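As structure tokens, the structure follows; a few thoughts come after it.
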Amino acid sequence: MSSSRSSRPDGRDTRWAEHRLARRAELVEATLRAVRRHGAGVGMDEIAAEAGTSKTVLYRHFGDKAGLYLAVVESVDRLVAGDLQRALGAADTSPELARSDEVVRSAVDSYLALVERDPEVYRFVVAHPLLDRPVGDDPVSGLTSRIGNDLAALIAAGLTGSGRDPAAAGALAHGVVGLVRAAADHWLASPEPLSRNELTRQLSTLIGGGLTAVLDLPEDA
470 MSSSRSSRPD
480 GRDTRWAEHR
490 LARRAELVEA
500 TLRAVRRHGA
510 GVGMDEIAAE
520 AGTSKTVLYR
530 HFGDKAGLYL
540 AVVESVDRLV
550 AGDLQRALGA
560 ADTSPELARS
570 DEVVRSAVDS
580 YLALVERDPE
590 VYRFVVAHPL
600 LDRPVGDDPV
610 SGLTSRIGND
620 LAALIAAGLT
630 GSGRDPAAAG
640 ALAHGVVGLV
650 RAAADHWLAS
660 PEPLSRNELT
670 RQLSTLIGGG
680 LTAVLDLPED
690 A
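In structure tokens, the structure reads:
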């Protein structure tokens with residue numbers, strides 16, 4: 470009987486864990502507000518003020534600046550991944566849908582929308598000015614890798630549906646993601662940028678035309 474009780478999670482521990490998770494989420498949201506208000510170079514004092522707390526509380530929940538940065542990246546990661554999943558989820562496994570202009574356009578626009586909607590948050594995530602120690606693998610590369618993997622599955626389906634070897638799908642997909650990220654970075658830094666709609670249109674035409682050409686390429690070419 471006592472052994473059974475000891476194996477059960479303590480209700481107070483569960484409530485405390487839930488409270489800590491909720492508090493971390495609140496502090497991440499406060500950090501995002503501070504980034505939007507003060508720019509990508511925001512400091513811990515400004516973040517603490519936005520959260521209505523102290524730096525000590527931030528460090529208690531995240532360990533250090535790097536821990537807070539990684540929590541922010543995870544939050545942005547979920548946002549971008551959700552938008553792109555909805556865009557890529559519009560495609561089926563048929564080669565016609567895998568090369569669909571609308572799917573490409575939706576995926577490109579989802580990425581550019583984040584840059585346009587939250588330019589300082591994007592700079593904060595990509596430039597990681599808050600980092601004060603190495604964090605192992607680049608978390609931004611992890612995000613783009615997941616996007617590339619999702620796109621690779623779509624391209625592989627298109628190649629397979631066309632009777633082609635899907636071996637190049639990964640390289641093609643990650644090349645597309647790299648192209649969009651580089652274009653977005655340049656667009657963000659441009660003093661006279663194109664409208665998002667126009668950049669989306671041109672990038673989608675470039676990518677869609679290239680993918681269509683690859684899907685139609687003779688096997689021995």
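Take the position in the sequence shown, starting the count at 1, then add 469; the result is the number in this note's numbering. Each residue gets a CB set at the ideal place from its N, CA and C atoms; glycine is no exception. All values reported here derive from a predicted model rather than from experimental measurement.
Exercise. What's the C-alpha gap between residue 615 and residue 640?
Worked result: 13 Å
Exercise. Near residue 549, which residues of its chain fall below 8 Å by C-beta distance, leaving aside the five closest residues on each side in sequence?
Worked result: 579, 580, 583, 612 and 616
Exercise. Which of helix, strand or coil does DSSP assign to residue 685?
Worked result: helix
Problem set entry | Spatial neighbours of residue 629 in its chain, beta-carbon cut-off 6 Å, leaving aside the 5 residues before and after | Excluding the 5 residues flanking it on each side, residue 629 has same chain C-beta neighbours closer than 6 Å at 635, in chain order.
For this session: Locate the alpha helix (DSSP H) running through residue 597, then write down its first and last residues.
Result: For residue 597, there is no enclosing alpha helix (DSSP H), as DSSP marks it with neither H nor E.
Problem set entry | alpha helix (DSSP H) segment containing residue 608, residue limits | Counted as a single uninterrupted DSSP element, the alpha helix (DSSP H) harbouring residue 608 occupies residues 608-630.
Problem set entry | Cα-Cα separation between residue 649 and residue 484, rounded to whole angstroms | 43 Å
For this session: Give the DSSP-derived three-state secondary structure of residue 484 in the structure shown.
Result: It is helical.
Exercise. Which residues mark the beginning and the end of the alpha helix (DSSP H) in which residue 657 is found?
Worked result: Counting along the chain, the alpha helix (DSSP H) containing residue 657 begins and ends at 638-658.
Exercise. Is the number of C-beta pairs between the region 588-595 and the region 520-527 that are closer than 8 Å three or more?
Worked result: With the cut-off at 8 Å, the region 588-595 and the region 520-527 do not touch.
Problem set entry | Where residue 555 falls, given that 16 or more other Cβ within 10 Å makes a residue buried | Per the 10 Å Cβ criterion, exposed.
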